[in-house]
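Scroll down for the structure; my scribbles are underneath it.
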Amino acid sequence: MKITTLKQAVEQIELEDDRKQQMIRELKKGRKIYSVHSRGLRMAAAFAACILAMGFLSIPVRALVNSLVLERMEEVPKEEIQETVEQLEAQHVGGDGYTRPYTEAEKTRMEALNEQYLNGIFPEGEIPQVDSEEEAKTYEFCFLTTASVFYLPAGRELTDEEILQKIDFEYKRNYALQEQYYEEHAEEIAAKEAAERKEIEQTVEAGGVTEEQAVEIATEYLQKIYGVDGNGMELSHYYDADAAATIVGEPAYCVNWSDIINHRFYYFWIRIADGRLAGATHTNEQEREQLESARPTIEEAPDKIAHIKEQAERFLTDNVGIQESYVRVRSCYQTTSEGSVRTLVDVLFVREDGEAHLLECSWDGIVKSYSLVTEEDYENQKEKTREVMSTRYTEEYGREVTVENVWD
Numbered sequence: 406m407k408i409t410t411l412k413q414a415v416e417q418i419e420l421e422d423d424r425k426q427q428m429i430r431e432l433k434k435g436r437k438i439y440s441v442h443s444r445g446l447r448m449a450a451a452f453a454a455c456i457l458a459m460g461f462l463s464i465p466v467r468a469l470v471n472s473l474v475l476e477r478m479e480e481v482p483k484e485e486i487q488e489t490v491e492q493l494e495a496q497h498v499g500g501d502g503y504t505r506p507y508t509e510a511e512k513t514r515m516e517a518l519n520e521q522y523l524n525g526i527f528p529e530g531e532i533p534q535v536d537s538e539e540e541a542k543t544y545e546f547c548f549l550t551t552a553s554v555f556y557l558p559a560g561r562e563l564t565d566e567e568i569l570q571k572i573d574f575e576y577k578r579n580y581a582l583q584e585q586y587y588e589e590h591a592e593e594i595a596a597k598e599a600a601e602r603k604e605i606e607q608t609v610e611a612g613g614v615t616e617e618q619a620v621e622i623a624t625e626y627l628q629k630i631y632g633v634d635g636n637g638m639e640l641s642h643y644y645d646a647d648a649a650a651t652i653v654g655e656p657a658y659c660v661n662w663s664d665i666i667n668h669r670f671y672y673f674w675i676r677i678a679d680g681r682l683a684g685a686t687h688t689n690e691q692e693r694e695q696l697e698s699a700r701p702t703i704e705e706a707p708d709k710i711a712h713i714k715e716q717a718e719r720f721l722t723d724n725v726g727i728q729e730s731y732v733r734v735r736s737c738y739q740t741t742s743e744g745s746v747r748t749l750v751d752v753l754f755v756r757e758d759g760e761a762h763l764l765e766c767s768w769d770g771i772v773k774s775y776s777l778v779t780e781e782d783y784e785n786q787k788e789k790t791r792e793v794m795s796t797r798y799t800e801e802y803g804r805e806v807t808v809e810n811v812w813d
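Under the numbering used here, think of the first position of the sequence shown as 406, with each following residue one higher.
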């Protein structure tokens, strides 16, 4: 089953584009369901059961890289894990709420403290959890379980201990969902892992790259493409047999860096057969407003395409390091009959053999992701996505709404 099929299913869930992409990745990984404040990503735990049946999982849900954090998570009583899962399932809200925004100083300290947490600096206590608003008001800092709201001190900043408690709380929530999933599907996951180990050995013996080599390649691209060295983030890597189903049919390793507190994620797919970069994407929750503000009207959109193509070609050459000749360069974006334009533009650099470099760009020309595809697969996926989105919008608006692919 191709990743496009999974994308089509996820497209039916009402999430922003970056959230959808993140959910797709987490479902395929079958392990780290980051950003549990998003209801859409919480749904991944249940949704992933269906994905497993279709053969998507490639690694165990327990593959936490940081041994110190893993040891701490493994000490969590099973009763607490079950209570956490039941709590998440009972929350009928769109995501976590906060009684006030974080200050800039808190954000800075949170990033530093998350790095310390990964290195074994854990809180002395736990965030208080309450079940009613009345009880929550008696605390300066607590978590209201029924509404999934963090109560933050009104007259002061969070202490380092309180920030560590929140970091610890989020890791435990994620781990609880992972453990539940692993317990329900341990046998299937073990069988799939054994088959994949055999496939990896055969491919490497035939001249392919090892997982360690893939990490080295991805690390170079992390610095080259995004200017990031990965410090302070959790590194994860695994064999993702299905990720490249639309990338010229080649399986790949997925190598990713995650900053769970600041919701920053960098993903790379390295083809196992030849070490070639098959895909790269970056998700940053703070960029969502920028995507929205850059979105043009339907009338303005065509005039922006030439500049976006130029930016995409420069990125392909300077950041990805690809300098090839193409038989055509195409762009595609989607509009709706309601008069709106979707937030991303695709630019496709097509070679003579039909293989193409696909870059997803914002309307201000910033490249959001790169992938190696075939022109035919891309066209098919885009048409199916158009159909799914038309259906979704029609259901939401209560009247017929169409989505169109605009090609240039």
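Glycine residues also receive a C-beta, built at the ideal position from the N, C-alpha and C atoms.
This structure is a prediction, so every number in the text was calculated from the model and none was measured.
Euclidean distance between Cα positions of MET794 and GLY759: Approximately 27 angstroms, taken between the alpha carbons.
Whole alpha helix (DSSP H) elements within the stretch 637-723, 4-residue minimum: Runs of the alpha helix (DSSP H) inside the stretch 637-723: 693-699 and 710-723.
N- and C-terminal bounds of the alpha helix (DSSP H) containing ASN785: Residues 780-802.
Contact between the stretch 766-785 and the stretch 704-713 (3+ Cβ pairs under 8 angstroms): Yes, they touch.
Continuous alpha helix (DSSP H) assignments of at least 4 residues falling wholly in the stretch 480-518: Taken in chain order, the unbroken stretches of alpha helix (DSSP H) that lie wholly in the stretch 480-518 and span 4 residues or more are 483-495.
According to DSSP, residues forming a beta bridge with ARG733: VAL755.
Neighbour-count burial assignment, PRO656, 16 or more Cβ in a 10 Å radius: Under this definition PRO656 is a buried residue.
Nearest residue (CA-CA) to ARG733, options TRP812, GLY502 and ARG791: Considering only alpha carbons, the answer is TRP812.
Start-end ranges of the alpha helix (DSSP H) lying completely within the stretch 608-634, minimum 4 residues: 616-631, all fully within the stretch 608-634.
Proximity of GLU743 and VAL806 at Cβ, strictly below 7 angstroms: Going by C-beta atoms, GLU743 is nearer than 7 angstroms to VAL806.
Assigned secondary structure, LYS542 (DSSP; H/G/I helix, E/B strand, else coil): It is coil, neither helix nor strand.
DSSP-derived helix/strand/coil call for ASN524: Three-state result, ASN524: coil.
Alpha-carbon to alpha-carbon, ASP751 and ARG700: When only Cα atoms are considered, ARG700 and ASP751 end up about 14 angstroms apart.
Limits of the unbroken beta strand (DSSP E) element including ALA761: 760-767 is the span of the beta strand (DSSP E), which, as asked, contains ALA761.
Rounded separation between LEU721 and GLU757 - CA only: One alpha carbon belongs to LEU721, the other to GLU757, and they sit about 17 angstroms apart.
Distance CB(TYR775)-CB(ALA685) smaller than 7 angstroms: Closer than 7 angstroms, so yes.
Run of the beta strand (DSSP E) containing LEU557, from where it starts to where it stops: Premise fails: LEU557 is in no beta strand (DSSP E) and is neither H nor E.
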